[in-house]
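If you're matching them up, the sequences are chains A and B in order.
Numbered per my numbering, the first sequence finishes at 345, counting up by one with no gaps.
Numbered per my numbering, the second sequence finishes at 894, counting up by one with no gaps.
Reading through the structure tokens given below for one structure.
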Amino acid sequence: MHYYSHSQRLARYSYLFFCGVVFLFLILPILIIIPLSFNVEPYFTFTEKMLSFDPDGYSLRWYQDLFSSEEWIRTIKNSFFIAFFATIIATSLGTLAALGLSQSYMPYSKTIMSILISPLIVPIIISAVGMFFFYAKLGLTNTFLGAILAHAVLGTPFVVITVTAALSNFDYDLIKAGKSLGASAYTIFTKITMPLVLPGVISGALFAFITSFDEVVVILFIGGFEQKTVTVQMWSGIREQISPTILAVATMFFLVSVFMLVTLELLRRRSEKLR
Amino acid sequence: MLDTVTLKKDLQRSEKKLKIRAFLLVLPLLVFVCFTFLTPVFSLMFQSVENSEIPTLLPNTVQEIADWSGQEAPSEAVFAALITDLTAAKKQNQIGKLARRINYNLSGARSALKKVARRLDQLTPPYKEKVIKLNKKWGDVKIWRIIQRENSVITSSYYVAAMDMQYNIKTDDVEFKSEDERIYLSLFVKTLLISLAVTLLCLMLGYPVAYLLAELPLKYSNLLMILVLLPFWSSLLVRTTSWIVILQSQGVLNDLFIFFGITEEGDRIRMAYNMTGTIIAMTHILLPFTILPLYSVMKGIPKSYMQAASSLGGRWLYSFVRVYMPQTIPGISAGALLVFILSIGYYITPALIGGQSGQLISNLIAYHIQQSLNWGLGAALSTLLLASILLLYWIYNKMVGIDKLKF
């Protein structure tokens, strides 16, 4: 691009500067907790020793705290347990529904779609309070089953959306071609349909998993001491007395989100290549 | 010869089969969502009009008081009915529930009721004077008016309270409370204003960035996209924690200000645990939701339009405003509506970083469910919030379409 005048160049640079500031605004708050989680002092700011890169200013004590605390370990296990089963339910039901929704014969597909997406739109506090009232009547509060069902339904919209999107680009002629070449229904499913749709299913499953893993409000309302997840533990930690152990946990969460991002990006590229 | 009628019927039959097959695939999830999600939300809405306590626990009183004039304390017959009902309620251990219910409409009614309930064995007819002697509230018309008014299993009284209204003590008409007593309406307005502020901030920060991402060659924009997607994928709780760490008085930003001499050690700026904290953290969390739809719309606008505009002599800014921006309106509306819908219902971030002044309507709902235990009021507030969200969702669906919702 050519910039003719001095003022135009100035405008361009100030525009780029503005964008740079916004990018920093986006990313710095997430990165800042990583060095702070290695702080040797129980402060939430950089000590002088940290700023001068003195090794004495850094330590692993908050990570030791984290992994030697039975309560943190128990809640982390709970989070994985609930998220795992919630993901399985959400992914299987969501994929089936997306297969139905993407067919042109589907009656009332728009209405049904808006019902299926509703857990995403309704504010979390309303979902949580509603579940609290209703699940209590069924004896599902303070049970793992209740927590899993609640998290599963919160994750289903993501599965429906991603799998429907994957199917919208699906070329049904490929199935006809397979049939005309004499492939069985099983072969067509495993060799044609699955490889093309699987990336969508996996991204949906990842979404469902992270939805459950990050969720705190619903468990606060319907879960008991037994079902306490790591996010609930963090929540009470932040509310009552914020200890740097939380920053260590937050750093672990950051690693999970990096893993998610990379996996999804790889999946996206793969499905683009196949197209 | 081809029989067109049978052919048509065959076609219809096979289409019906396909329809049923497609529907059967959706059915399990539909049932699951109805059972685990929609029914709970409806049961919450039902809670906002539910009023079983007074008609079921005070059946005789409700009947006796039906044609009471409402000018002075009711007759002995009503008092006798009250004693009968309270004796029955006490046997079922329901006095607390009833007292709490009446107390929602009249503070102080709880102790009035409990006092009588405690002395039930010692009371002998005639009751009227003895009961009034126990607690003056029984000589007043207020408590009786509530019992008379709330005689049905459905009540609108929680909505009256949720809209900052009250019943006129003389006429029973619904009227607004005096302006300094209107907490819920002002909180609704505040929630809308904060959501609007967050939406505008997101657009102001997001639009230029989305334009840069769309304009840059893919190898650079993909790299910069990570900076947008990483926060998008990070946990909400983690991001709120980060902002507490950054914004609090002893936090990173204040230390930085002092280091650069912007503020003094003595007057550190309060940015966390107030409305500023809520707005900053919410803007950060919701910014990717504006950038992503804007980016995908801008990516689809051919560069030749701007080139054509400038070759026709339009200055850059003029061409940008007149040619480019109108084409990005779908992205603006998608991003802005999504952010607005999400921020109206925000709970976690205001609860953790909002302090007193940064609380939104969701936080008040949680307060009524968990602490004040006025479930009816909490449910009424939830229903009002849900209604406004659904309205916005409907607009979003009309303007953008839910099928455009992608991740």
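Ideal placement from N, C-alpha and C gives every residue a C-beta, glycine not left out.
Note that the structure is predicted; figures quoted are calculated from it, not measured.
Going by C-alpha to C-alpha distance, which of the options sits closest to residue i?
| i | options | result |
| --- | --- | --- |
| residue 299 (chain A) | A:152, A:114 and A:239 | A:152 |
| residue 784 (chain B) | B:757, B:758 and B:816 | B:816 |
| residue 823 (chain B) | B:682, B:602 and B:613 | B:682 |
| residue 191 (chain A) | B:877, B:584 and B:688 | B:877 |
| residue 224 (chain A) | B:524, B:648 and B:859 | B:524 |
| residue 94 (chain A) | B:714, B:725 and B:793 | B:714 |
| residue 480 (chain B) | B:572, B:677 and B:873 | Chain B is shown only over 488 to 894; residue 480 (chain B) falls outside these bounds and no answer can be derived. |
| residue 266 (chain A) | A:140, A:338, A:329 and A:331 | A:338 |
| residue 274 (chain A) | A:222, A:89 and A:87 | A:222 |
| residue 866 (chain B) | A:84, A:122 and A:196 | A:196 |
| residue 231 (chain A) | A:185, A:254 and A:211 | A:185 |
| residue 711 (chain B) | A:80, A:97, A:83 and A:213 | A:97 |
| residue 686 (chain B) | B:777, B:646 and B:635 | B:777 |
| residue 206 (chain A) | A:335, A:288 and A:122 | A:288 |
| residue 574 (chain B) | B:869, B:589, B:595 and B:610 | B:610 |
| residue 335 (chain A) | A:269, A:316 and A:91 | A:269 |
| residue 677 (chain B) | B:720, B:831 and B:505 | B:831 |
Could you tell me whether the Cβ atoms of residue i and residue j are closer together than 9 Å?
| i | j | result |
| --- | --- | --- |
| residue 863 (chain B) | residue 598 (chain B) | no |
| residue 759 (chain B) | residue 735 (chain B) | yes |
| residue 552 (chain B) | residue 625 (chain B) | no |
| residue 276 (chain A) | residue 234 (chain A) | no |
| residue 286 (chain A) | residue 271 (chain A) | no |
| residue 188 (chain A) | residue 227 (chain A) | yes |
| residue 116 (chain A) | residue 198 (chain A) | no |
| residue 532 (chain B) | residue 851 (chain B) | no |
| residue 203 (chain A) | residue 527 (chain B) | yes |
| residue 773 (chain B) | residue 826 (chain B) | yes |
| residue 229 (chain A) | residue 181 (chain A) | no |
| residue 600 (chain B) | residue 629 (chain B) | no |
| residue 722 (chain B) | residue 320 (chain A) | yes |
| residue 518 (chain B) | residue 570 (chain B) | no |
| residue 669 (chain B) | residue 175 (chain A) | no |
| residue 104 (chain A) | residue 324 (chain A) | yes |
| residue 895 (chain B) | residue 821 (chain B) | Nothing can be reported for residue 895 (chain B): it is not among the residues displayed for chain B, which extend from 488 to 894. |
| residue 843 (chain B) | residue 709 (chain B) | no |
| residue 200 (chain A) | residue 675 (chain B) | no |
| residue 99 (chain A) | residue 718 (chain B) | yes |
| residue 688 (chain B) | residue 766 (chain B) | yes |
| residue 839 (chain B) | residue 724 (chain B) | yes |
| residue 612 (chain B) | residue 560 (chain B) | no |
| residue 829 (chain B) | residue 837 (chain B) | no |
| residue 737 (chain B) | residue 154 (chain A) | no |
Using a C-beta to C-beta distance shorter than 8 Å, which residues of chain C count as neighbours of residue i?
| i | result |
| --- | --- |
| residue 707 (chain B) | Looking at the structure shown, chain C is missing, and the protein chains on hand are A and B. |
Is any heavy atom in the ligand SAH found nearer than 8 Å to the beta carbon of residue i?
| i | result |
| --- | --- |
| residue 804 (chain B) | You won't find the ligand SAH in this model; it holds no ligand whatsoever. |
- Query: Listed from N- to C-terminal order along the chain, which residues in the segment 746-769 of chain B have their beta-carbon within a distance smaller than 8 Å of any beta-carbon of chain A?
  - Reply: none
- Please name the residues in the segment 118-142 of chain A whose beta-carbon is closer than 9 Å to at least one beta-carbon of chain B, in chain order. none
- Three CB pairs or more closer than 8 Å across the segment 127-142 of chain A and the segment 235-243 of chain A: no
- Task: Report the residues of the segment 76-94 of chain A with a CB closer than 7 Å to any CB of chain B, ordered along the chain.
- Result: Going along the segment 76-94 of chain A in chain order, one finds 85, 88, 89, 92 and 93 with a Cβ nearer than 7 Å to chain B.
- Query: Of all the residues that make up the segment 812-833 of chain B, which are near chain A by a beta-carbon distance shorter than 9 Å?
  - Reply: So the close ones are 828, 829, 831, 832 and 833.
- Segment contact flag, the segment 160-170 of chain A with the segment 509-517 of chain B, C-beta cutoff 8 Å, min 3 pairs: yes
- Query: Given 8 Å as the limit, is there contact between the segment 727-743 of chain B and the segment 300-315 of chain A, that is, 3 or more CB pairs closer than that?
  - Reply: Touching, per the Cβ criterion.
- Query: Between the segment 620-643 of chain B and chain A, which residues of the former have a C-beta closer than 7 Å to a C-beta of the latter?
  - Reply: none
- Task: Taking a Cβ distance cut-off of 9 Å, strictly less, list which residues of the segment 182-198 of chain A are near chain B, in chain order.
- Result: 182, 183, 184, 185, 186, 187, 188, 189, 190, 191, 192, 193, 194, 195, 196, 197 and 198
- Message: Quick check: the segment 858-875 of chain B against the segment 791-808 of chain B, are at least 3 beta-carbon pairs closer than 8 Å?
- Response: no
- Which ranges would you report for the beta strand (DSSP E) in the segment 653-697 of chain B if only whole runs of at least 3 residues count? 661-663
- Three or more C-beta pairs below 8 Å linking the segment 700-707 of chain B and the segment 740-755 of chain B: no
- Message: Just to confirm the assignment: which complete alpha helix (DSSP H) runs, minimum length 4, are found wholly within the segment 528-568 of chain B?
- Response: 540-544 and 546-552
- Query: In the segment 159-213 of chain A, which residue ranges form an unbroken alpha helix (DSSP H) of at least 4 residues, counting only runs that do not cross its ends?
  - Reply: 179-191 and 194-207
- Task: Could you run through the segment 231-265 of chain A and flag, in chain order, every residue whose CB is less than 7 Å away from some CB of chain B?
- Result: 231, 232 and 235
- When Cβ atoms are compared, which residues of the segment 849-872 of chain B fall closer than 9 Å to chain A? Taking 9 Å as the Cβ-Cβ cut-off, the segment 849-872 of chain B approaches chain A at 849, 850, 852, 853, 856, 857, 862, 865, 866, 869, 870 and 872, given in chain order.
- May I ask you to list, following chain order, the residues of the segment 702-735 of chain B that have a beta carbon less than 8 Å from some beta carbon of chain A? Look at the segment 702-735 of chain B: the residues with a C-beta under 8 Å from a C-beta of chain A are 711, 713, 714, 715, 716, 717, 718, 720, 721, 722, 723, 724, 725, 726, 727, 728, 729, 730, 731, 732, 733 and 735.
- Message: Using a Cβ-Cβ cutoff of 7 Å, what residues of the segment 161-177 of chain A are near chain B? List them in chain order.
- Response: 163, 164, 166, 167, 169, 170, 171, 173, 175, 176 and 177
- Members of the segment 97-113 of chain A near chain B, C-beta cut-off 8 Å: 97, 99, 100, 102, 103, 106 and 113
- According to a CB-to-CB cut-off of less than 7 Å, which residues of the segment 282-293 of chain A neighbour chain B? 284, 286 and 287
- Every unbroken alpha helix (DSSP H) inside the segment 264-318 of chain A [4 residues or more]: Entirely contained in the segment 264-318 of chain A, the alpha helix (DSSP H) runs reaching 4 residues are, in chain order, 264-284, 287-292 and 300-309.
- Identify each residue in the segment 309-327 of chain A for which the Cβ-Cβ distance to at least one residue of chain B is less than 9 Å, and report them in chain order. 309, 312, 316, 317, 319, 320, 321, 323, 324, 326 and 327
- Between the segment 295-309 of chain A and chain B, which residues of the former have CB atoms less than 8 Å from a CB of the latter, in chain order? 301, 304, 305, 308 and 309
- Task: Mind checking the segment 492-504 of chain B against chain A and listing, in chain order, the residues whose C-beta falls within less than 7 Å of any C-beta there?
- Result: Listed by position, the residues of the segment 492-504 of chain B near chain A (Cβ gap below 7 Å) are 502.
- Query: Of the residues that make up the segment 530-542 of chain B, which ones have a beta carbon closer than 7 Å to any beta carbon in chain A?
  - Reply: 530, 531 and 534
- Query: For the segment 744-822 of chain B, which segments carrying the alpha helix (DSSP H) assignment without a break, of at least 4 residues, lie completely within its bounds, in sequence order?
  - Reply: Runs found: 762-786, 791-798 and 803-806.
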